[in-house]
Amino acid sequence: MRLTDYMKSCIERAAMDDLPKVDYEEQARKIAFREREKLLLKTPKLAQVLAIEPGRLNERYFSLGYGMGSVVLPGLYQDEIAAIESLPELVEIKKQAYKQDRARKEIKDKLHRALKGITTLKQLSELMPGFEKYVPTPEPKSTNLPAISNVVGDFIRAGWPKDKNQAAA
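Using this note's numbering, you'd call the opening residue of the sequence shown number -2 and step up by one each time.
If you want it as structure tokens, here you go:
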């Protein structure tokens, strides 16, 4: 069976999904919220603070780092968020996430280049054993196609072609 570009992209995506990875984004999110809670506990009653500082509840986005998105940390000012961003433990998580992302990208690129040279399922099973399980199953051919009978006759009875009817009149 020939492998189409679509099949190759499905193989690539399924293999990458099967590759284990550490969820650094969740780790960073937990640290950010933990530190937020520590900072908010230092402030007196929030109602009193809001009466004096209404901007306290404005949403401020905190970037979790390369490729990890962001999180909203309401109740903190920008300098407090900057203090959280510079925590050594969070900086280390960002570095690890970046390394993991780069390594996964290299593996994906290698797989993509390898699949470019493979054209059949037989080649895939010979050159990359174990990857044939990622080939999507082809849809079965339909056995109940609509009957196409006497299409031309139906068109002629409906007055097709136009030029023939105009010439006869």
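For each residue, glycine too, the CB sits at the ideal point set by N, CA and C.
- In the displayed model, Ser83 falls within coil according to three-state DSSP, outside both helix and strand.
- By the Cβ neighbour-count rule, Ile104 is exposed, with fewer than 16 other Cβ atoms within 10 Å of its own.
- The region 83 to 96 and the region 1 to 8 do not touch, with fewer than 3 CB-CB distances between them shorter than 8 Å.
- Following the DSSP letters along the chain, one finds Val148 inside the alpha helix (DSSP H) bounded by residues 148 to 154.
- For the pair Leu73 and Leu36, the CB atoms are nearer than the 9 Å cut-off.
- DSSP places Val132 outside any beta strand (DSSP E), giving it a letter other than H or E.
- Here Phe128 has Ile8, Ala12, Leu121 as same chain residues with Cβ atoms under 7 Å from its own Cβ, once five neighbours each way along the sequence are excluded.
- Taken through DSSP and simplified to helix, strand or coil, Val19 comes out as coil.
- Val68 is positioned such that its CB atom lies no closer than 9 Å to that of Ala111.
- When rounded, the separation of the alpha-carbon atoms in Pro126 and Gln93 is 31 Å.
- Taking Asp20 as the centre and dropping the five residues before and after it, the same chain places no C-beta closer than 8 Å to its C-beta.
- Asp151 and Lys159 have their alpha carbons spaced roughly 14 Å apart.
- Bounds of the alpha helix (DSSP H) holding Leu121 are 118 to 124.
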